[in-house]
Structures are given as C-alpha cells and as structure tokens.
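Asks: This is the structure I have questions about; it appears just below.
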Amino acid sequence: MKDKVLCDTDIISALAKADALDFLPLVFPDRKFLVTEYVRDELDVSKQEGFDFPKKVFEFCETTTMDENELKIYEAIDSLEISKTDLKNLVIAKNRDIPLLTNDSKLYSEGVRRDIKVYDLRELLRAIYEEDLVSKKELKKVIEKIEEKDNTHIKKKREIFKK
113 MKDKVLCDTD IISALAKADA LDFLPLVFPD RKFLVTEYVR DELDVSKQEG
163 FDFPKKVFEF CETTTMDENE LKIYEAIDSL EISKTDLKNL VIAKNRDIPL
213 LTNDSKLYSE GVRRDIKVYD LRELLRAIYE EDLVSKKELK KVIEKIEEKD
263 NTHIKKKREI FKK
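Numbering (the working numbering) for the sequence shown: 113 to 275.
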C-alpha cells in the first residue's frame, strides 16, 4: 500500500481547479492517488451543478472503498468533531498506512493526533519549492490560480518560499 496517497475533497478540488494535479506526482513520484467513494460522491454534486473540475479528479484519481475491517473500525469510532467523510478518510489512511492530503485544518489535526502521515496544501507547495520541482515563478502563478479559482486564501504563503 506504500504506493498510494489518499486525497481529501478540498485539496484535490483546489488543485484540479488550478490545473495543478500534475504537482502531486512531483512530490509523490511513482504513486497512485486515491479518493474515497465518499469524496467522489461530494465531487459528483459539483459535477451535476455544471463544474468541470470533478472530471479532472476522476481521471487522475482511482476511487477506493472501505473494506470490511475499515467499516468496523469506522462504526466503532464516535467522533462528532469531524464529518463522516473525513472520519472515513482517517480510518482508511491509518489502516492502510498511506499518506493523507487535506487542506481541512480539523482533519489535519485529527490525522496528526492519530499518527497518520498527513500533508496540507502549504506543505505540498513548500516541498515543490524546496526540491526545485518547478520554478518559483510557476509556483507563484499556481498559488494565485488556486486562490482565485478555489476562492480561498493560502495562509502563511511566505513559509512556502523560505529556503
């Protein structure tokens, strides 16, 4: 399972909207990218509303489902702190020992608390910069595009470009 990375809705959507899904294999080479069927369901809603970014995600990522053991683990956890989809992402990432990509601060914190390798968008972008995987100019352009297309603000952008 070490050849896979699980992606949450927010981070995979932001990258798809900015046409930056190709950044993921730069940081995680030779890996397959997964979304859960629950994330896929969330993206299907956007697709039905006429957005085109879900199609990019569906072409880029494989869809995975919870196995019987993961379902039992999920049903045994009583957590009202995060959404059901987020909890399912945590169970799958932990059980399969695969990294989880998210830009949700609650999910990130819960993942860290549960000893899951979890990365947010800023960490992903920082890794790209540190490893000189794309030019600083191109990276800045993608950051602007993410903020514009996803209607979001990436906090502490300066940290991305610290050497």
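Every residue, glycine too, gets a C-beta built ideally from N, C-alpha and C. Just so we're clear, the structure is a prediction, and the values are computed from it rather than from any experiment.
What does the alpha-carbon distance come out to for the pair R238 and E271?
Replies: Locating residue 238 in the sequence shown gives position 126, counting from the first residue. Locating residue 271 in the sequence shown gives position 159, counting from the first residue. Answer to the nearest angstrom: the Cα atoms are 7 Å apart.
Asks: What number of angstroms, rounded off, separates the C-alpha of K275 from the C-alpha of S217?
Replies: In the sequence shown, residue 275 corresponds to position 163, counting from 1. In the sequence shown, residue 217 corresponds to position 105, counting from 1. Approximately 24 Å, taken between the alpha carbons.
Asks: On the CB-based measure, 16 or more other CB atoms within 10 Å of its CB, does A188 come out buried or exposed?
Replies: Residue 188 sits at position 76 when you count from the first residue of the sequence shown. A188 is exposed by the Cβ-count criterion.
Asks: Kindly indicate which three-state DSSP category V285 falls into: helix, strand or coil?
Replies: Lying before the first or after the last residue shown, residue 285 is absent from the chain, which here runs from 113 to 275.
Asks: Specify the secondary structure class of T197 as computed by DSSP and reduced to three states.
Replies: Against the sequence shown, residue 197 aligns to sequence position 85. Correct three-state label for T197: helix.
Asks: Looking at V230 and A132, is the spacing between their C-beta atoms short of 8 Å?
Replies: Walking along the sequence shown from the start, residue 132 turns up at place 20. Walking along the sequence shown from the start, residue 230 turns up at place 118. It is not a contact, given that the beta carbons lie outside the stated cut-off.
Asks: Between which two residues does the beta strand (DSSP E) holding E174 run?
Replies: Numbered from its first residue, the sequence shown carries residue 174 at position 62. Element bounds for E174: 174-176.
Asks: Give the secondary structure of K261 by DSSP, where H, G and I count as helix, E and B as strand, and everything else as coil.
Replies: As a first step, residue 261 is located in the sequence shown; it is residue number 149 there, counting from the start. K261: helix per DSSP, three-state reduction.
Asks: With respect to the alpha helix (DSSP H) encompassing K184, which residues constitute its N-terminal and C-terminal limits?
Replies: Start at 1 with the first residue of the sequence shown, and residue 184 comes out as number 72. 180-188 is the extent of the alpha helix (DSSP H) around K184.
Asks: Can you tell me where the beta strand (DSSP E) holding F273 begins and where it ends?
Replies: As a position in the sequence shown, residue 273 is number 161, starting the count at 1. Note, F273: premise wrong, no beta strand (DSSP E); not H, not E.
Asks: Roughly how many angstroms separate the alpha carbons of I240 and K159, rounded to a whole number?
Replies: Residue 240 sits at position 128 when you count from the first residue of the sequence shown. Residue 159 sits at position 47 when you count from the first residue of the sequence shown. Distance between the alpha carbons of I240 and K159: 29 Å.
Asks: Within 10 angstroms of its Cβ, does S247 collect 16 or more other Cβ (buried), or is it exposed?
Replies: Here the question's residue 247 lines up with position 135 in the sequence shown. Exposed, because fewer than 16 other Cβ atoms sit within 10 Å of the Cβ of S247.
Asks: Looking only at C-alpha atoms, which of E154, V224, P211 sits nearest to K196?
Replies: By 1-based counting over the sequence shown, the position of residue 196 is 84. Checked all of E154, V224, P211; the closest Cα to K196 is E154.
Asks: Within the continuous beta strand (DSSP E) that includes V224, where are the two ends?
Replies: To locate residue 224, count along the sequence shown from 1; it is residue 112. It is not in any beta strand (DSSP E) - V224 instead sits in the alpha helix (DSSP H) that spans 217-225.
Asks: Tell me, to the nearest whole angstrom, how far the beta carbon of T121 is from that of V151; I am working on the premise that it is less than 8 Å.
Replies: Start at 1 with the first residue of the sequence shown, and residue 121 comes out as number 9. Start at 1 with the first residue of the sequence shown, and residue 151 comes out as number 39. Rounded, the Cβ-Cβ distance is 5 Å, consistent with contact.
Asks: Check each candidate in I204, D198, E174 and name the one with the smallest Cα separation from E182.
Replies: Here residue 182 refers to the residue found at position 70 when the sequence shown is read from its first residue. Measuring from the Cα of E182, the nearest candidate turns out to be I204.
Asks: Could you check the C-alpha separation between D179 and I258 for me, to the nearest Å?
Replies: Locating residue 179 in the sequence shown gives position 67, where the first residue counts as 1. Locating residue 258 in the sequence shown gives position 146, where the first residue counts as 1. Distance between the alpha carbons of D179 and I258: 33 Å.
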